[in-house]
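What follows is a single structure, written as structure tokens, with notes after it.
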Amino acid sequence: MEYNFTEIEKKWQERWVEQKTYKVAENKDKTKYYVLNMFPYPSGAGLHVGHPLGYIASDIYARYKRLKGFNVLNPMGYDAYGLPAEQYAIQTGQHPAITTEKNIARYREQLNKIGFCFDWDREVRTCDPKYYRWTQWAFQKMFNSCYDNCKQKAVPIAELIRHFEEEGTLNLNVAQGEEKMFSARDWLSMNEKEQQQILMNYRIAYLGETMVNWCPGLGTVLANDEVVNGVSERGGFPVVQKKMKQWCLRVSAYAQRLLDGLDKVQWSDSMKETQRNWIGRSEGTEVEFKSLTPLPIKNGTESEMEEGHFTIFTTRADTMFGVTFMVLAPESELVGKLTAIDRKKEVEEYLAYVKKRTELDRMSDRKVTGVFTGSYGINPFTGEKLPIWISEYVLSGYGTGAIMAVPAHDSRDYAFAKHFNLPIIPLIEGADVSEESFDAKEGTVINSPVKETEGCFSLNGLSVKEAIAATKKYVTDKGIGRVKVNYRLRDAIFSRQRYWGEPFPVYYKEGMPYMIPEECLPLELPEIDQFKPTETGEPPLGRAKVWAWDETNKQLTDKNCIDNKSVFPLELNTMPGFAGSSAYYLRYMDPHNEEALVGKNADEYWQNVDLYVGGTEHATGHLIYSRFWNKFLYDYGYSCKEEPFEKLVNQGMIQGRSNFVYRINNDDHSKAPVFVSRGLKNQYETTPIHVDVNLVHGDVLDIEAFKAWRPEYKHAEFILKTDKYVCGWAVEKMSKSMFNVVNPDVIIEQYGADTLRLYEMFLGPVEASKPWDTNGIDGCHRFLKKFWKLYQQELSNDEASKESLKSVHKLIKKVSGDIELFSYNTAISAFMICVNELGQQKCDNRALLRSLLILIAPFAPHIAEELWEKIGEKGSVCDAKWPVCNEAYLAESEVQLTVSFNGKARFQMTFPADTDKEAIEKAAVNDERSQKYIAGKTIVKVIVVPKKIVNIVCK
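Given below as structure tokens:
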């Protein structure tokens with residue numbers, strides 16, 4: 001019987017659905033195990049073979065844990081909101097819901113073909129009102145909460161209001177935007193609007209002025225990862241920095257807890273380090289500097305200087321003696337105050353340049369730019385005047401947006417000083433002040449470049465550690481600063497000027513936001529006639545007709561009814577993509593619960609995700625936001641575990657093998673293009689052009705298919721070295737633009753889903769990036785045919801041979817260990833070796849071949865199910881018990897040792913495994929092959945290394 005994978009896979013995929021094989025429920029008699037993939041955005045292009053890599057890896061592990069007796073939750077859903085669907089709607093007029101539904105159907109079809117063990121009854125879609133009701137609910141909870149620094153948790157805003165009523169801001173220690181001071185009497189004298197404005201400074205979800213990546217062409221704010229080289233990733237529209245009032249989430253309040261939580265999870269060291277760097281905890285000192293700004297010159301007299309002051313944050317106050325200039329972030333409010341009149345034009349030109357640069361660009365680009373303000377800061381330690389510059393390498397969101405520059409001991413300060421010819425003063429004795437080295441961590445502090453006067457604070461002769469402690473004390477004692485901990489982590493911008501996103505459940509009275517009642521959730525997206533911003537620049541929701549809130553009747557109503565007495569305008573922005581993905585793992589636990597995000601019983605049973613699989617590109621976005629979101633819910637008892645993802649595995653990228661044709665350069669475009677084969681390309685001036693890899697087989701181009709591919713190639717001519725056109729190739733990112741995308745449907749049609757699953761895992765370690773090469777898939781397919789052939793015989797219940805027992809139990813041990821380590825490629829190699837051995841041994845033992853089916857079931861579930869049924873087993877192989885390795889079968893009856901003379905290997909000998917050391921020595925020395933190596937020499941000693949070598953030392 002032939003291995004008909006098409007019929008087999010269709011049969012079992014249908015049966016799994018009919019019998020609800022993968023449906024899971026809470027079962028207190030079994031230990032839970034929760035496996036989760038970062039759910040996909042359903043694009044119109046569907047899946048390519050790179051997308052399922054992580055899904056296959058987690059599916060294997062989920063099936064393995066089920067066979068090990070765990071109750072496994074393995075759900076799937078869709079991150080369904082996104083800019084691509086909205087842009088397609090703007091271009092075509094088709095509602096994003098229609099295209100999203102169509103794309104989801106395509107994804108679901110493709111995923112089902114690959115044979116995943118997802119419990120589809122738990123599917124979630126972020127665009128479903130039943131789902132985003134809980135996103136809106138969580139947002140409202142954040143709006144009505146503040147963060148208590150003493151309790152280190154979120155608390156109801158009502159507690160803060162009670163504190164204001166009793167003490168004002170006295171003894172207040174909560175996370176806030178600006179530091180405000182007022183008494184209880186002041187608070188009670190405020191009207192409602194004034195009180196709401198004050199509370200906005202403390203809410204976890206708040207409206208705030210912040211710099212954003214604004215894309216006029218798309219009419220919306222973009223996240224950093226949606227901007228590439230100053231333009232939008234989608235559409236290529238220019239992006240500028242703009243200050244806008246946006247909804248924000250006070251993620252920064254949780255910075256220390258986000259750091260501490262990394263010590264409790266099983267993530268890679270590199271991923272933890274990425275998050276630690278992004279959170280960026282630094283202990284330092286805030287120091288007050290005086291400033292001097294030239295006033296306009298009057299009557300030709302020398303300009304007077306206006307005095308002011310500003311604060312800088314530094315982790316190394318001990319380097320104050322090495323400061324030679326100050327730098328402001330371009331967005332700093334100090335720029336307007338400290339820019340001299342005669343420098344205004346140059347500063348404005350520079351600010352216009354910086355507006356086109358994202359923070360990501362500024363952090364990664366090392367080029368030096370800046371402009372002098374015309375003002376000076378006064379060093380509080382030395383009294384020296386320091387020029388104040390503006391540069392994009394200083395960011396407004398970290399510290400105070402102003403720095404003291406110590407070019408002798410900081411690479412970016414050094415580059416800036418060299419570029420603008422500013423002084424460089426070394427502070428550490430023997431320090432290497434050069435472009436390559438800025439090590440100020442060790443050594444002895446010296447102040448010799450600074451002129452010492454009577455009473456001057458000096459650090460001469462102290463170690464760096466001693467100097468840091470001394471300056472902290474000096475700053476606080478003199479009242480010129482304070483010790484402070486800073487974090488680089490910024491609050492999350494939570495507004496998007498889009499239609500296709502979760503609506504904010506917010507309406508406005510006198511310009512202040514209020515929440516619609518919780519019982520009225522979800523607030524659903526309204527219908528609109530167009531999906532682009534309004535002609536007056538409002539977000540797309542500005543086009544909605546029924547988009548006002550009737551406070552009295554607690555319902556939506558027509559905008560024409562707005563009277564700002566009982567009917568009020570609703571928020572026009574929508575939530576960003578990460579809103580729906582920040583707590584979806586909790587919803588999977590209890591997806592049909594209409595009373596809670598997750599019910600108490602489900603939450604306490606599933607608790608959190610045991611294994612999370614996804615890409616490293618989410619390290620500083622989704623993984624930070626979802627951890628924050630979960631910690632907030634944990635503070636109120638809605639989540640029973642503070643960390644959402646116990647173990648994290650980052651799958652690598654499958655790269656595409658691109659192919660090129662070489663077009664001979666010709667300025668006369670009226671002529672048919674001429675292409676030259678790879679072996680001849682150096683004889684001509686050519687341009688390599690990507691060609692669809694589906695037109696190439698073994699690097700040989702299907703010329704007729706290529707001519708039919710595009711109209712401009714219909715009459716193309718080819719210069720061949722042999723009778724074939726040989727293409728060039730390269731390994732690149734798999735992308736539609738490079739025509740190197742491989743559709744999994746094509747592979748499944750040719751080889752079957754089990755072959756695809758095996759091959760993706762056989763390519764290399766799960767976490768490594770590796771090239772896709774269709775030429776190598778045949779080996780996995782041949783293996784499955786060979787595996788199938790093992791069962792096309794009458795199976796026996798007779799005692800198995802020692803060799804077969806050893807082969808299978810060796811495999812059990814190897815595969816069990818490799819799955820736990822996610823070393824799937826080596827496990828598959830072990831399968832291939834074992835099947836070859838069993839074939840040579842003519843193994844027909846039912847028990848051993850039954851165990852082999854269980855072992856391969858996580859990797860190739862369709863063939864395993866079919867053969868499980870064929871050998872007469874009842875039910876699904878998914879419900880079998882994982883085999884246990886019996887070490888007794890692995891014991892070696894013989895050992896092979898290499899015999900060496902003075903360290904040089906000469907021949908090998910075989911001994912019974914229980915042969916003692918003396919017998920081995922005697923046999924090796926007396927072997928006739930030894931005689932020519934020891935003849936005429938004296939044996940000094942014989943060294944026996946068990947199971948490895950015998951070394952005879954002679955002279």
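Heads up, the sequence shown is in the UniProt record's numbering, so the first residue is 1 and it goes up one at a time. C-beta: ideal position from N, C-alpha, C; glycine also. Small disclaimer: the values here were computed from a predicted structure and weren't measured.
At the level of alpha carbons, what is the spacing between Arg343 and Met190?
Here residue 343 is taken as the residue at index 343 of the sequence shown, counted from 1. Here residue 190 is taken as the residue at index 190 of the sequence shown, counted from 1. Roughly 42 Å separates the two Cα atoms.
Restricting to runs no shorter than 3 residues, where is the beta strand (DSSP E) found entirely within the stretch 236-286?
Runs found: 240-249.
What does DSSP give as the partner residues of Glu551 in its beta bridges?
Counting from one through the sequence shown, the residue named residue 551 turns up at place 551. According to DSSP, Glu551 bridges with nothing at all.
Which two residues bound the contiguous alpha helix (DSSP H) that contains Gly479?
Along the sequence shown, one-based indexing puts residue 479 at 479. Counting along the chain, Gly479 falls outside any alpha helix (DSSP H), and DSSP gives it neither H nor E.
Helix, strand or coil: how does DSSP classify Tyr791 here?
In the sequence shown, residue 791 corresponds to position 791, counting from 1. Tyr791 falls in the coil class under three-state DSSP.
So, under 8 Å CB-CB, Lys478 and Ile378 are touching, yes? Tell me the CB distance rounded to an integer number of Å.
Locating residue 478 in the sequence shown gives position 478, counting from the first residue. Locating residue 378 in the sequence shown gives position 378, counting from the first residue. With 8 Å as the limit, Lys478 and Ile378 do not qualify as a contact, their Cβ atoms being about 14 Å apart.
Would DSSP call Leu328 helix, strand or coil?
If you number the sequence shown from 1, residue 328 lands on position 328. If DSSP states are grouped into helix, strand and coil, Leu328 belongs with the strands.
Thr6 by DSSP, collapsed to three states: which one?
Within the sequence shown, residue 6 is the residue found at index 6, counting from 1. Thr6: helix per DSSP, three-state reduction.
For a test of the three-state rule: what should DSSP assign to Gly679, helix, strand or coil?
The residue labelled residue 679 in the question sits at position 679 within the sequence shown. Helix, per DSSP.
Looking at Ser626 and the ligand GDP, is the gap between the Cβ and the nearest heavy atom below 7 Å?
No copy of the ligand GDP appears in this structure; indeed no ligand is present at all.
Return the first residue and the last residue of the beta strand (DSSP E) that Trp214 is part of.
Position 214 of the sequence shown, counting from 1, holds the residue named residue 214. Run containing Trp214: Ala205 to Cys215, per the beta strand (DSSP E) assignment.
Residues in its own chain within less than 6 Å of Asp844 by CB, not counting five upstream and five downstream?
Stepping through the sequence shown from its first residue, residue 844 is reached at position 844. Gln793, Leu795 and Ser796.
Give me the Cα-Cα distance between Ile60 and Phe859, rounded to the nearest whole angstrom.
Stepping through the sequence shown from its first residue, residue 60 is reached at position 60. Stepping through the sequence shown from its first residue, residue 859 is reached at position 859. Each residue's Cα considered, the two are about 6 Å apart.
Taking Val347 as part of the alpha helix (DSSP H), name the residues at either end of that continuous run.
Stepping through the sequence shown from its first residue, residue 347 is reached at position 347. It spans Lys344 to Val354 - the alpha helix (DSSP H) in which Val347 sits, taken as one unbroken run.
Between the alpha carbons of Val368 and Pro407, how many angstroms are there, rounded?
The sequence position of residue 368 within the sequence shown is 368, counting from 1. The sequence position of residue 407 within the sequence shown is 407, counting from 1. Between Val368 and Pro407, the C-alpha separation is close to 13 Å.
Short of 7 Å in beta carbon distance, which residues of its chain neighbour Gly481, apart from the five on each side in sequence? Order them along the chain.
Taking the sequence shown and counting its residues from 1, the one referred to as residue 481 is at position 481. So the list reads Thr285, Glu286, Val287, Glu288 and Val475, once near-sequence residues are dropped.
What did DSSP end up calling Ile748 once you bin it into helix, strand or coil?
In the sequence shown, counting from the first residue as 1, residue 748 sits at position 748. Residue state, collapsed to three classes: helix.
Can you tell me whether Ile562 is helix, strand or coil according to DSSP?
Along the sequence shown, one-based indexing puts residue 562 at 562. Coil at Ile562, not helix or strand.
What residue range is occupied by the uninterrupted beta strand (DSSP E) comprising residue 962?
Since the first and last residues shown for the chain are 1 and 955, residue 962 lies out of range.
Is the Cβ-Cβ distance between Ser735 and Gly656 less than 8 Å?
Along the sequence shown, one-based indexing puts residue 735 at 735. Along the sequence shown, one-based indexing puts residue 656 at 656. Yes, the Cβ-Cβ distance between Ser735 and Gly656 is below 8 Å.
Take Ile871 and list the residues in its own chain whose beta-carbon comes closer than 8 Å to its own, dropping the five residues that flank it on each side.
Locating residue 871 in the sequence shown gives position 871, counting from the first residue. Correct list, in chain order: Tyr791, Leu795, Arg846, Leu849, Arg850 and Leu853.
Excluding the 5 residues flanking Thr224 on each side, which residues of the same chain have their C-beta closer than 8 Å to its C-beta?
For the purposes of this step, residue 224 is taken as residue 224 along the sequence shown, with counting starting at 1. In the sequence as displayed, the identity of residue 224 is Asn instead of Thr. Counting only Cβ-Cβ distances below 8 Å, and skipping sequence neighbours, we find Asn213, Thr358, Glu359 and Leu360.
Straight-line CA distance for Glu594 to Met575?
Numbered from its first residue, the sequence shown carries residue 594 at position 594. Numbered from its first residue, the sequence shown carries residue 575 at position 575. Taking the straight line joining both Cα atoms gives about 22 Å.
Could you tell me the boundaries of the beta strand (DSSP E) in which Gly652 lies?
Locating residue 652 in the sequence shown gives position 652, where the first residue counts as 1. No beta strand (DSSP E) contains Gly652, which DSSP labels as neither H nor E.
So is Tyr353 buried or exposed if we call it buried at 16+ other beta carbons inside 10 Å?
Mapped onto the sequence shown, residue 353 falls at position 353. The residue is exposed, with fewer than 16 neighbouring Cβ atoms inside 10 Å.
Confirm, please, whether the CB-CB distance from Ala402 to Leu328 is below 8 Å.
Residue numbering aside, residue 328 sits at position 328 when the sequence shown is read from its first letter. Residue numbering aside, residue 402 sits at position 402 when the sequence shown is read from its first letter. In contact: Leu328 and Ala402 (Cβ atoms closer than 8 Å).
Would the stretch 232-243 count as touching the stretch 256-263 if we require 3 or more Cβ pairs under 8 Å?
These segments do not touch.
What did DSSP end up calling Cys146 once you bin it into helix, strand or coil?
The sequence position of residue 146 within the sequence shown is 146, counting from 1. DSSP places Cys146 in strand when its eight states are reduced to three.
Measure how close the beta-carbons of Cys727 and Val676 come, nearest whole angstrom, since I'm counting them as under 8 Å.
Here residue 727 is taken as the residue at index 727 of the sequence shown, counted from 1. Here residue 676 is taken as the residue at index 676 of the sequence shown, counted from 1. 11 Å between Cβ atoms; not a contact.
For a minimum of 4 consecutive residues, which ranges assigned as the alpha helix (DSSP H) are wholly contained in the stretch 663-737?
Runs of the alpha helix (DSSP H) inside the stretch 663-737: 703-709.
Skipping 5 residues on each side, what residues in its chain have a beta carbon closer than 6 Å to that of Trp882?
As a first step, residue 882 must be located in the sequence shown, where it is residue number 882. Counting only Cβ-Cβ distances below 6 Å, and skipping sequence neighbours, we find Leu67 and Lys68.
With DSSP as the reference, label residue 958 as helix, strand or coil.
The structure shown does not extend to residue 958, since the chain spans only 1 to 955, so no value can be given for it.
Using 8 Å as the threshold, is the C-beta distance between Glu767 and Asn650 below it?
Walking along the sequence shown from the start, residue 767 turns up at place 767. Walking along the sequence shown from the start, residue 650 turns up at place 650. Cβ distance < 8 Å, so Glu767 and Asn650 count as in contact.
Go ahead and pull the three-state DSSP assignment for Val546.
For the purposes of this step, residue 546 is identified with residue 546 of the sequence shown, where counting begins at 1. In the structure shown, Val546 sits in coil (DSSP, three-state: anything other than H, G, I, E or B).
What is the DSSP secondary structure of Pro449, counted as helix, strand or coil?
On the sequence shown, position 449 is the one that residue 449 refers to. Note that Pro449 scores a pLDDT of 45, beneath 50, so its modelled location is shaky; the value from the coordinates is reported in the next line. In the structure shown, Pro449 sits in coil (DSSP, three-state: anything other than H, G, I, E or B).
Report yes if the C-beta distance between Ile104 and Tyr132 is below 8 Å; otherwise report no.
For the purposes of this step, residue 104 is taken as the residue at position 104 of the sequence shown. For the purposes of this step, residue 132 is taken as the residue at position 132 of the sequence shown. Cβ distance not < 8 Å, so Ile104 and Tyr132 don't count as in contact.
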